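Under the working numbering, residues 21 to 646 are what the sequence shown spells out, in order.
Note sheet for the following structure.
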Amino acid sequence: MLNIGLPQKDPVRIINLKIAADEEVRANLTWKLDIKKLVKAVSRDFERHFGIQFKIKSYEDWTSDNSSSSTFDLLNDLRKKVLHDDSDIVIGFTAQDDIKNDLFGAATYLHGYIVIRELSSTSMMEIMLKHEICHLFGAADIHENNSVMNIKAHGHEFDDFTSQIVLSNKFRSFNSNDFPLSRNKLEEVISIYEHRKILNPQETDIHFLLAIFYLEKQDHESTLRECLHVIQIIPDSPDALHLLGIAYRRQGKIDQAIDKYQKVLHLQPSLPEIHYNLGIAYTKKGMIERAIQEYTAAIELNPNYVDACSKLGDLYVEKEMPDEAIRYCQKALEINPQSASTLSHLGAAYILKNMFREAEGVSRKALKIDSKLEEAHNNLGIIYINKEMFDQGISEYAQAIEINPEYAKAHHNLGRAYYLRGQIDDAIDEYRESIRLKKDYYIAYSNLAAAYMEKGMPEEAIQELKNAIQIKPDYGVAYNNLAYIYLNKKMIQEAETAAHKAITLIPEFPEPYNLLGIIFELNNRDDEAQVEFSKAIQLKPDYLEAHLNLAHLHFKRGQFSDSASHYNKVIEIDPHFGQAYNNLAAIFFYQKKYILALEYIKKAEQQGFKVHPEFKKKILSLQKKD
21 MLNIGLPQKD PVRIINLKIA ADEEVRANLT WKLDIKKLVK AVSRDFERHF GIQFKIKSYE
81 DWTSDNSSSS TFDLLNDLRK KVLHDDSDIV IGFTAQDDIK NDLFGAATYL HGYIVIRELS
141 STSMMEIMLK HEICHLFGAA DIHENNSVMN IKAHGHEFDD FTSQIVLSNK FRSFNSNDFP
201 LSRNKLEEVI SIYEHRKILN PQETDIHFLL AIFYLEKQDH ESTLRECLHV IQIIPDSPDA
261 LHLLGIAYRR QGKIDQAIDK YQKVLHLQPS LPEIHYNLGI AYTKKGMIER AIQEYTAAIE
321 LNPNYVDACS KLGDLYVEKE MPDEAIRYCQ KALEINPQSA STLSHLGAAY ILKNMFREAE
381 GVSRKALKID SKLEEAHNNL GIIYINKEMF DQGISEYAQA IEINPEYAKA HHNLGRAYYL
441 RGQIDDAIDE YRESIRLKKD YYIAYSNLAA AYMEKGMPEE AIQELKNAIQ IKPDYGVAYN
501 NLAYIYLNKK MIQEAETAAH KAITLIPEFP EPYNLLGIIF ELNNRDDEAQ VEFSKAIQLK
561 PDYLEAHLNL AHLHFKRGQF SDSASHYNKV IEIDPHFGQA YNNLAAIFFY QKKYILALEY
621 IKKAEQQGFK VHPEFKKKIL SLQKKD
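In structure tokens:
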């Protein structure tokens, strides 16, 4: 074996360790001293060969799960209970003696955790720790006599291949938010592994690690190839099945991905990443409740699972449950305050609660961390549109779309911005694009219908609302809008049916009551109309249209005092509403209060309302006589 020496110019890298010892290990009074000696011995070897030095940063008590049946279960238990904090690697030591398999250690390359089982031989403990640390620096189990990575019997030496890999990973990241290797180093390691694969095709760990690296490159075909090779040799390899599921999911083969994840769960039910990835898969299928169940299961298995908390926050935003979204986003940020995606989801939740200042703050913080975060730009777009700063809002939506051209929500919101600015054709284009990207985007269908109504295209509007209802049969807003269109088309019976359906689905929504009042009044059902207008006002006291309709109804029935009360309410809501002043003038006219009538005619004209000249002439003549 050739030991690769450390070039003099290559700096020593210091790796900080957190040591977690379970209750069985802590029963030995000298446990800290024993572990310190063990780490020191291993550190000397790594420093001499690779310029890597290990220092114990802290110790932590670990109450290991006595029901764990394997070393891998203990590894998951360690990840669940012990955080990295400011250390690079967490090493858990266990003295449980009822583990059913013969693995004395386990490590997870992507997460920086190791579990070592206590052995009677100090030299064997050194070899095991060296072996698992090598795994954290990208090394694989291989068929190489005397090598510390020999799969059958671990030796003492660093073979040439392992040395190359460890050196390539020397400055790997231990930040859980980053992939361990930079793009250049990733290519270098793939090249080394591909060469080894040709020489030793039966070393399954080589194929598995290549699958991890190809997945990071988004080379999904190569990922599938490597995973399938592993499965040919080890059909029940949970790691290969898991990666296979991820690759299938990213190719859009969601059902195949779910099938692989379910097989892994049968083999390793306590693995939180499987539930997390199932959550992503079910989200892709639009099965939101199932996705929530899986993310919740992942968090139960690992309460510190930042990504699962963040994804739950995002789903609760989609469900328009902002309080739940905020709770999970804040939980994620307690663990990782620099999670840009979580900050962005939190901004979206704040927007749902109309907390625009808070939303802007966290969205801008997210963009400082990751300027290419499309959701954060979308959040800012919503905030600007709310302030009627249309140019700035449109710019933010455009940036979101530039980052991710398939971001349906940004296309929809851009359409809404164009609609509000009166660019109806542009709005229609964006709504259509959002629907192309997200076939079940029922809100986009509804807003497309509104745009068609602006264009005087009621039949097209009706069809889009029916599309929205087909996707979401309980979409009360769509029934309300259908009632409005049917009313405009003088399809009174259809309008009444749609309004009743809207009220059944969203009884707290005032608009359909107002529409139903109009319909009843057209059918000379004035008493019923008055009841519906009053219900609308009860739900929304400042509902101008309902006050106006009720004022008209009372006027028509000669109930001038009640009518005047509602016209005054209209003016209180909108002091520039000229018609209300004019109609109050008419009430005063019938009450023979001509001076007041003239006063209100002048107020109507001041608001730009065109008063009927004969009405004004009549009041002027009577006012002179009065």
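For glycine and all other residues, C-beta sits at the position ideal for the given N, C-alpha and C.
None of these values were measured; they are calculated from a predicted model.
Check	Outcome
Between which two residues does the beta strand (DSSP E) harbouring Phe124 extend?	No beta strand (DSSP E) contains Phe124, which DSSP labels as neither H nor E.
Just mark Gln626 as buried or exposed, buried being the case when its beta carbon has 16 or more other beta carbons within 10 Å.	exposed
Report all residues from its chain with a CB closer than 7 Å to the CB of His249; omit the five preceding and five following residues, and keep chain order.	His227
Measure the C-alpha to C-alpha separation of Ser391 and Ser364 and round it to an integer number of angstroms.	11 Å
Determine the extent of the beta strand (DSSP E) in which Thr114 is found, giving its start and end residues.	109 to 114
Look up Val59 in the DSSP assignment and say whether it is helix, strand or coil.	helix
What would DSSP say about Gln271, mapped onto helix, strand or coil?	coil
Answer yes or no: do Glu138 and Ala173 have a C-beta to C-beta separation smaller than 7 Å?	no
Near Gln358, which residues of its chain fall below 8 Å by C-beta distance, leaving aside the five closest residues on each side in sequence?	Asn197, Ile389
Along the chain, where does the beta strand (DSSP E) containing Gln73 start, and where does it finish?	72 to 82
With Leu507 and Ile463 assumed to form a contact (beta carbons below 8 Å), what rounded beta-carbon distance in angstroms separates them?	Their Cβ separation, rounded to whole angstroms, is 22 Å, which puts Leu507 and Ile463 out of contact at 8 Å.
Rounded to whole angstroms, what is the Cα-Cα separation between Leu570 and Ser583?	7 Å
Considering just the uninterrupted stretch of the alpha helix (DSSP H) at Lys38, what are its terminal residues?	Counting along the chain, Lys38 falls outside any alpha helix (DSSP H), though it belongs to the beta strand (DSSP E) covering 33 to 42.
From the DSSP secondary-structure annotation, give me the bridge partner or partners of Tyr133.	Val110, Thr128
When we look at the beta-carbon of Thr83 and count the other beta-carbons within 10 Å, is it buried (16 or more) or exposed?	exposed
Per DSSP, Asn170 forms a beta bridge with which residues?	Ile162
Would you tell me roughly how many angstroms separate the C-alpha atoms of Leu457 and Asp239, rounded to the nearest one?	24 Å
Taking the alpha-carbon positions, what's the Val284 to Lys52 distance?	37 Å
Work out the CA separation of Glu146 and Ala61 for me, nearest whole Å.	7 Å
Kindly identify the DSSP beta-bridge partner or partners of Glu177.	Ser167
Return yes when the Cβ of Ala518 is within less than 7 Å of the Cβ of Tyr499, no when it is not.	yes
Nearest-angstrom Cα distance between Gln550 and Arg577?	11 Å
Residue ranges of each alpha helix (DSSP H) run of no fewer than 4 residues wholly in the stretch 174 to 215, ordered along the chain?	180 to 188
So, at 7 Å on beta carbons, what are the nonlocal neighbours of Lys385 in its own chain, with the 5 sequence-adjacent residues on each side left out?	Leu363
I want to know whether the stretch 161 to 171 touches the stretch 186 to 203 - three or more CB-CB distances under 8 Å.	no
Determine the direct distance from the alpha carbon of Leu263 to that of Asp118, and round the result to whole angstroms.	30 Å
May I ask which residues mark the beginning and end of the alpha helix (DSSP H) holding Asp93?	91 to 101
Evaluate Met148 with the Cβ neighbour count: other Cβ atoms within 10 Å of its Cβ, from every protein chain shown; 16 or more gives buried, anything less gives exposed.	buried
Could you pull the start and end residues of the alpha helix (DSSP H) that Gln412 belongs to?	410 to 423
Lys100: which of Leu291, Ser107, His574, Lys612 sits nearest, CA to CA?	Leu291
Report the rounded CA-to-CA distance for Asp562 versus Ala556, giving the unit in angstroms.	10 Å
Does the pairing of the stretch 366 to 374 with the stretch 335 to 355 give three or more beta-carbon distances under 8 Å?	yes
Helix, strand or coil, according to DSSP, for Gln28 in the structure here?	Residue confidence is low: Gln28 scores 44 on pLDDT, short of 50, so the model does not pin down where it sits. Its coordinate-derived value is still stated next. DSSP places Gln28 in coil when its eight states are reduced to three.
In this structure, does DSSP put Asn23 in helix, strand or coil?	Caution applies to Asn23, whose pLDDT of 42 falls short of 50 and renders its modelled position unreliable; the value that the coordinates give is listed next. Three-state result, Asn23: coil.
If you drop the 5 nearest sequence neighbours on each side, which residues of the same chain put their C-beta closer than 6 Å to that of Arg216?	Phe181, Ile226
Taking C-beta to C-beta, are Asn195 and Gly158 nearer than 7 Å?	no
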